[in-house]
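Quick notes on the structure that follows.
Number of protein chains: 2
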Amino acid sequence: MELLFAYFESKSRLILSDAEKELISAKFRSKHVRKRQYLLQEGDVCKYFSFIDHGAARTYSVDEKGNEHILHFGIEGWWMGDHESFTHDIPSRLNIDTFEDTHFLTITKDSLQELIEKIPAVAITIKTIYNQRAISAEKRIHAAISLTPEERFQELRATYPDFLQRFPLGQIASYLGISIKTLGRIRSGGK
Amino acid sequence: MELLFAYFESKSRLILSDAEKELISAKFRSKHVRKRQYLLQEGDVCKYFSFIDHGAARTYSVDEKGNEHILHFGIEGWWMGDHESFTHDIPSRLNIDTFEDTHFLTITKDSLQELIEKIPAVAITIKTIYNQRAISAEKRIHAAISLTPEERFQELRATYPDFLQRFPLGQIASYLGISIKTLGRIRSGGK
Numbered sequence: 001m002e003l004l005f006a007y008f009e010s011k012s013r014l015i016l017s018d019a020e021k022e023l024i025s026a027k028f029r030s031k032h033v034r035k036r037q038y039l040l041q042e043g044d045v046c047k048y049f050s051f052i053d054h055g056a057a058r059t060y061s062v063d064e065k066g067n068e069h070i071l072h073f074g075i076e077g078w079w080m081g082d083h084e085s086f087t088h089d090i091p092s093r094l095n096i097d098t099f100e101d102t103h104f105l106t107i108t109k110d111s112l113q114e115l116i117e118k119i120p121a122v123a124i125t126i127k128t129i130y131n132q133r134a135i136s137a138e139k140r141i142h143a144a145i146s147l148t149p150e151e152r153f154q155e156l157r158a159t160y161p162d163f164l165q166r167f168p169l170g171q172i173a174s175y176l177g178i179s180i181k182t183l184g185r186i187r188s189g190g191k
Numbered sequence: 001m002e003l004l005f006a007y008f009e010s011k012s013r014l015i016l017s018d019a020e021k022e023l024i025s026a027k028f029r030s031k032h033v034r035k036r037q038y039l040l041q042e043g044d045v046c047k048y049f050s051f052i053d054h055g056a057a058r059t060y061s062v063d064e065k066g067n068e069h070i071l072h073f074g075i076e077g078w079w080m081g082d083h084e085s086f087t088h089d090i091p092s093r094l095n096i097d098t099f100e101d102t103h104f105l106t107i108t109k110d111s112l113q114e115l116i117e118k119i120p121a122v123a124i125t126i127k128t129i130y131n132q133r134a135i136s137a138e139k140r141i142h143a144a145i146s147l148t149p150e151e152r153f154q155e156l157r158a159t160y161p162d163f164l165q166r167f168p169l170g171q172i173a174s175y176l177g178i179s180i181k182t183l184g185r186i187r188s189g190g191k
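Protein chains in written order, with UniProt numbering: chain D, 1 to 191; chain C, 1 to 191.
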């Protein structure tokens with residue numbers, strides 16, 4: 001829980017009291033997912049949002065031909081979940097699985113709402129991350145529709161340098177929407 | 001202002017008092033932008049978020065070759081603005097201009113914050129639209145990286161049927177990231 005407490009304090013710039021920490025601990029559940037196992041499978045409703053305490057995961061869809069398309073990566077300090085499914089209780093079109101043994105801290109919609117109402121640091125944090133999600137989603141849309149493969153790779157390297165250490169190249173290529181061959185060419189040419 | 005009041009009431013499911021309406025009226029400014037004129041130009045800081053009271057607009061970027069890439073369309077009841085620029089006071093990479101004479105209701109960050117603190121209907125609405133933005137951005141990322149041009153067009157037609165009436169075909173093609181020739185083929189084949 002220490003990473004989650006530090007996360008709320010750093011995002012909100014408020015200090016959590018012991019009582020607030022206790023309430024947060026009571027509302028989040030630990031969930032251990034072994035390497036290459038699912039946190040969420042297509043067709044299921046996303047019942048909780050999940051904070052990565054330790055590990056690495058991805059959100060992806062699978063098209064009719066069986067090709068995977070990666071929407072998001074996540075590492076320590078990131079949230080995983082399907083917003084639409086979580087908000088509207090509808091089956092998800094997405095899958096979430098792990099690259100390594102991963103420890104998630106999960107929370108349901110009702111419990112999150114309770115924490116937002118009772119703990120200012122949580123309320124401020126959630127507001128901040130919704131805004132940051134909107135910003136990073138805008139950037140990702142911009143990159144997908146208007147940047148060249150080279151530019152998309154440079155932007156990824158500048159914005160999330162950790163990703164290049166934590167995820168296999170084939171996965172990075174899928175995230176960027178390019179072939180692994182093109183990615184290899186960009187990396188060797190771009191250094 | 002009537003559309004904006006109705007918007008806050010419908011999104012929040014609360015009724016605005018006369019005093020609240022008065023405060024909202026005092027904080028929003030009217031801005032008329034003639035057809036094909038800018039609301040925001042690349043390099044400027046996005047100082048306010050803008051609600052479309054009447055008209056039609058688009059958000060787009062221009063790449064080094066001078067090609068336009070459309071990120072968003074907006075019509076009555078939609079908001080236009082660059083989240084990242086607005087939140088962090090940094091120059092925008094985006095342009096916003098209009099397809100017809102457009103009446104915006106604009107608000108600065110400080111005024112929006114004041115309304116959020118004083119008017120529950122505004123606070124609930126802003127929270128709701130942040131979440132909806134996150135959901136629609138996820139869908140747009142999903143469409144951009146994993147759907148075929150045909151599927152992207154079908155999803156647009158199902159989700160925003162108005163867009164096909166309000167925006168030129170060449171603009172729709174740019175939004176979908178396909179050529180106008182491909183869009184023509186899809187439309188004639190898909191009916």
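Note that beta-carbon positions come from the ideal geometry of N, C-alpha and C, so glycine has one too.
Since this is a predicted model, take the numbers as computed values, not measurements.
Report whether the distance from the Cβ of C/L14 to the nearest heavy atom of the ligand ZN is below 7 Å.
-> Because no ligand of any kind appears in the structure shown, any question about the ligand ZN cannot be addressed here.
With a threshold of 16 other CB atoms inside 10 Å of the CB of D/S179, please say whether the residue is buried or exposed.
-> Within the first sequence, residue 179 of chain D is the residue found at index 179, counting from 1. Counting C-beta atoms within 10 angstroms of its own C-beta, D/S179 has fewer than 16 neighbours from the protein chains shown and is therefore classed as exposed.
Which chain C residues are close to D/G177, counting only those with a beta carbon under 7 Å from its beta carbon?
-> Taking the first residue of the first sequence as 1, we reach residue 177 of chain D at position 177. Chain C residues near D/G177: I145.
What's the call for C/S10, buried or exposed, on a 16-neighbour Cβ count within 10 Å?
-> What you label residue 10 of chain C is simply residue 10 of the second sequence in a count that begins at 1. Counting Cβ neighbours within 10 Å, C/S10 comes out exposed, since fewer than 16 surround it.
How long is the line joining the alpha carbons of residue 198 of chain C and C/F163, rounded to whole angstroms?
-> Lying outside 1 to 191, the shown extent of chain C, residue 198 of chain C is not represented and no answer is given.
In this structure, does DSSP put D/F163 in helix, strand or coil?
-> Residue mapping note: residue 163 of chain D aligns to position 163 of the first sequence, counting from 1. D/F163 falls in the helix class under three-state DSSP.
Checking contacts by CB at 8 Å: is C/K191 closer than that to chain D?
-> Residue 191 of chain C sits at position 191 when you count from the first residue of the second sequence. The predicted model places C/K191 with a pLDDT of 47, which falls under 50 and marks its position as unreliable, so this point remains unresolved.
Cutoff 8 Å: D/H69 Cβ touching any chain C Cβ | Within the first sequence, the letter at position 69 stands for residue 69 of chain D. At a cut-off of 8 Å between beta-carbon atoms, D/H69 makes contact with chain C.
For C/R133, count neighbouring Cβ atoms within 10 angstroms of its own Cβ and tell me buried if that reaches 16, exposed if not.
-> For the purposes of this step, residue 133 of chain C is identified with residue 133 of the second sequence, where counting begins at 1. In summary, C/R133 is buried, with 16 or more beta-carbon neighbours lying within 10 Å of its beta-carbon over all protein chains present.
So, is D/K191 buried or exposed, given that buried needs 16 or more other C-beta atoms within 10 angstroms?
-> One-based indexing of the first sequence puts residue 191 of chain D at position 191. A caution first: D/K191 carries a pLDDT of 47, below 50, which makes its placement in the model too unreliable to give a value.
Whole-angstrom Cβ separation of C/S12 and C/I124, contact assumed at under 8 Å?
-> Within the second sequence, numbered from 1, the residue matching residue 12 of chain C stands at position 12. Within the second sequence, numbered from 1, the residue matching residue 124 of chain C stands at position 124. For C/S12 against C/I124, the beta-carbon gap comes to about 4 Å, under 8 Å, which counts as contact.
Would a check of beta-carbon distances place C/S12 closer than 8 Å to chain D?
-> Within the second sequence, the letter at position 12 stands for residue 12 of chain C. No, C/S12 does not count as interfacial toward chain D.
Among the residues of its own chain, which have a CB less than 8 Å from the CB of C/K21, if the five just before and after it don't count?
-> For the purposes of this step, residue 21 of chain C is identified with residue 21 of the second sequence, where counting begins at 1. In the same chain as C/K21, and ignoring 5 residues on each side of it, the C-beta atoms closer than 8 Å to its own belong to M1 and F5, in chain order.
When the Cβ atoms of the region 95 to 113 of chain C are set against those of the region 28 to 36 of chain C, are three or more pairs found closer than 8 Å?
-> At 8 Å Cβ cutoff, the stretches touch.
Residues bridged to D/I93 [DSSP beta-bridge criterion] = Within the first sequence, the letter at position 93 stands for residue 93 of chain D. Checking the sequence, you will find Arg at residue 93 of chain D rather than Ile. For D/R93, which the question treats as bridged, DSSP gives no partner whatsoever.
Please report how far the alpha carbon of C/K47 lies from the alpha carbon of C/D97, in whole angstroms.
-> Counted from its first residue, the second sequence places residue 47 of chain C at position 47. Counted from its first residue, the second sequence places residue 97 of chain C at position 97. The alpha-carbon atoms of C/K47 and C/D97 are separated by roughly 15 Å.
Taking C-beta pairs closer than 8 Å, name the residues in chain D that C/N131 reaches, listed in chain order.
-> Here residue 131 of chain C refers to the residue found at position 131 when the second sequence is read from its first residue. Result: H83, T87 and Y130.
8 Å Cβ cutoff, D/S61 in contact with chain C | In the first sequence, residue 61 of chain D corresponds to position 61, counting from 1. Yes - at least one Cβ of chain C is within 8 Å of the one on D/S61.
Quick one: measure Cβ to Cβ for D/N131 and C/H83, integer angstroms, because I've assumed they're closer than 8 Å.
-> Translated into the one-based positions of the first sequence, residue 131 of chain D becomes position 131. Translated into the one-based positions of the second sequence, residue 83 of chain C becomes position 83. Contact between D/N131 and C/H83 holds, with the beta-carbon distance rounding to 7 Å and staying under 8 Å.
Along chain D, which residues have their Cβ under 7 Å away from the Cβ of C/A137?
-> As a working note, residue 137 of chain C is residue 137 in the second sequence. Neighbours of C/A137 on chain D, chain order: A134, A137, E138 and I141.
Who pairs with C/G74 in a beta bridge, going by DSSP?
-> Working through the second sequence from its first residue, we reach residue 74 of chain C at position 74. For C/G74, the pairing in a beta bridge is given by DSSP as C/A57.
Within its chain, find whatever has a CB closer than 8 Å to the CB of D/S61; leave out the 5 residues flanking it on each side and keep chain order.
-> One-based indexing of the first sequence puts residue 61 of chain D at position 61. Cβ within range, chain order: E42, E68, H69, L71, R93, L94 and N95.
Considering only C-alpha positions, which residue in the set C/L39, C/S50 and C/G74 is nearest to C/A56?
-> Against the second sequence, residue 56 of chain C aligns to sequence position 56. Of C/L39, C/S50 and C/G74, the smallest CA-CA separation from C/A56 is found for C/G74.
Contact check, C/K127 vs C/L23 under 8 Å by CB: the rounded distance?
-> For this step, residue 127 of chain C is matched to residue 127 along the second sequence. For this step, residue 23 of chain C is matched to residue 23 along the second sequence. The beta-carbon separation of C/K127 and C/L23, rounded to 19 Å, does not stay under the 8 Å limit for a contact.
So, helix, strand or coil for C/F99, using DSSP?
-> On the second sequence, residue 99 of chain C is found 99 positions in, with the first residue counted as 1. DSSP places C/F99 in coil when its eight states are reduced to three.
Cβ-Cβ separation, C/L14 to C/A121 (assumed contact under 8 Å), whole Å = Counting from one through the second sequence, the residue named residue 121 of chain C turns up at place 121. Counting from one through the second sequence, the residue named residue 14 of chain C turns up at place 14. Indeed, because the Cβ distance is near 4 Å, the residues count as touching under 8 Å.
Considering only residues of the same chain and omitting the five flanking positions on each side of D/E100, which have a CB-CB separation below 8 Å?
-> Taking the first sequence and counting its residues from 1, the one referred to as residue 100 of chain D is at position 100. Once the five neighbours on either side are set aside, the close Cβ partners of D/E100 are K35, G55 and A56.
Top-ranked residue by Cα proximity to C/W79, from C/E64, C/P91 and C/F49 = Mapped onto the second sequence, residue 79 of chain C falls at position 79. It is C/F49 whose Cα lies nearest to the Cα of C/W79.
Counting only the same chain and skipping the five closest in sequence on each side, list residues whose C-beta sits under 7 Å from that of D/Q37.
-> Residue mapping note: residue 37 of chain D aligns to position 37 of the first sequence, counting from 1. These residues qualify, in order along the chain: D97 and T98.
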